[in-house]
Each structure stands twice: as structure tokens, then as C-alpha cells.
Amino acid sequence: LLCSISVPVVHSLYFMDSDISGGSRYGMWGWCDYSLAYCWGNFLYWGFDPFFVVWMTKVLVFYPIACVLTFLTLLCLLPASIRSEGYEPEPPSIYPFMAVMACLCSVVAWCFSMAMFAIARLRLRADGFTAGFGACMWLGFVAMLCLIAV
Numbered sequence: 001l002l003c004s005i006s007v008p009v010v011h012s013l014y015f016m017d018s019d020i021s022g023g024s025r026y027g028m029w030g031w032c033d034y035s036l037a038y039c040w041g042n043f044l045y046w047g048f049d050p051f052f053v054v055w056m057t058k059v060l061v062f063y064p065i066a067c068v069l070t071f072l073t074l075l076c077l078l079p080a081s082i083r084s085e086g087y088e089p090e091p092p093s094i095y096p097f098m099a100v101m102a103c104l105c106s107v108v109a110w111c112f113s114m115a116m117f118a119i120a121r122l123r124l125r126a127d128g129f130t131a132g133f134g135a136c137m138w139l140g141f142v143a144m145l146c147l148i149a150v
């Protein structure tokens, strides 16, 4: 969920930052230039040529999809958590499918975001800028590991 509301919605959550044009942060829905105090984007398909592989920003949609699927997976477990004497509930048969789909979506989202922002970081550094990963990259990684563990 936190990765889904990154820059420019919540400015403290971002996938990558750089010192280009005085300081920029890049999130799921766009990017912000803090020297101009302005954000571009507010939509899924955004770009910052020549540094970003623009088509890869579309794949970030898997973060909110994984979030919804994880929530639905948790809802599937609610009936199984209600216990009474003489009744041992089991998760619905759709639970494994939902759990696997949530896990796959999180793996796809994280792998593509890591690839996209790693490429951008290399390109920015090659042009003499500094760039580093932000909190959303690691939040997505931990969420992916948790879903794999389940």
C-alpha cells in the first residue's frame, strides 16, 4: 500500500532520488523537482527521458494490484479464523490461488521497479549526477519477501 501512494502523492515515500536540477524524487505516479517545488505526473505512465525506460513505468501498476490481492487473500482467511467448539474451520479453496497471485504480482512489481530504477540510476550516474534508492524500493522488497514466506 505504501509503495502505491509514493511521490507525488506522499513526498516522503519514493523509489529513487537524484540531485538532478537541485533535487528530484521519483515515485509510482510521477516525479517531483524540489528546486522548482513542482511535481509532474499524477498518472501511471510518466517518463523522464533519457534516464528512464518509460514503458517500464506502466508495470508499477502491479504494486496496487498486489495490495488489493493481498487484502482479498486476508479476507479469505477470516472465516477460517472463527473457531467454535467441535468446529475446525479451513481456509476456502480459493485462498491458495489468491495467495499465489498476490505473491506473483509483488514479485513482478518489485523486479520491474528494481530494473527500471537501477537503469535510471546508472544513466544518471554516468552523466555525473548522484542517485540512490528510496524507501519504497525496500518496502516493496520486504513486502515481496513476506508474501513469498506465506
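Counted the way UniProt numbering counts, the sequence shown spans residues 1 to 150. Here a beta-carbon is modelled for each residue, glycine too, at the ideal position from N, C-alpha and C.
Buried versus exposed call for residue i [16 or more other C-beta atoms within 10 Å across all chains shown]
| i | result |
| --- | --- |
| L1 | exposed |
| G132 | exposed |
Three-state secondary structure assigned by DSSP to residue i
| i | result |
| --- | --- |
| G23 | coil |
| Y63 | helix |
| F133 | strand |
| Y14 | coil |
| G30 | strand |
| S84 | strand |
Beta-carbon gap between residue i and residue j smaller than 9 Å
| i | j | result |
| --- | --- | --- |
| L124 | T130 | yes |
| G134 | Y34 | no |
| L145 | M101 | no |
| C76 | M98 | yes |
| M56 | A126 | no |
| task | Decide yes or no for the touch test of the segment 24-38 against the segment 89-97: beta carbon pairs closer than 8 Å, at least 3 of them. | result | Touching, no, given that fewer than three Cβ pairs across the two stretches are closer than 8 Å.
| Hey, is the segment 104-113 in contact with the segment 59-79, meaning 3+ C-beta pairs nearer than 8 Å? | Counting C-beta pairs with one atom in each stretch, the segment 104-113 and the segment 59-79 have three or more that are closer than 8 Å, which means they touch.
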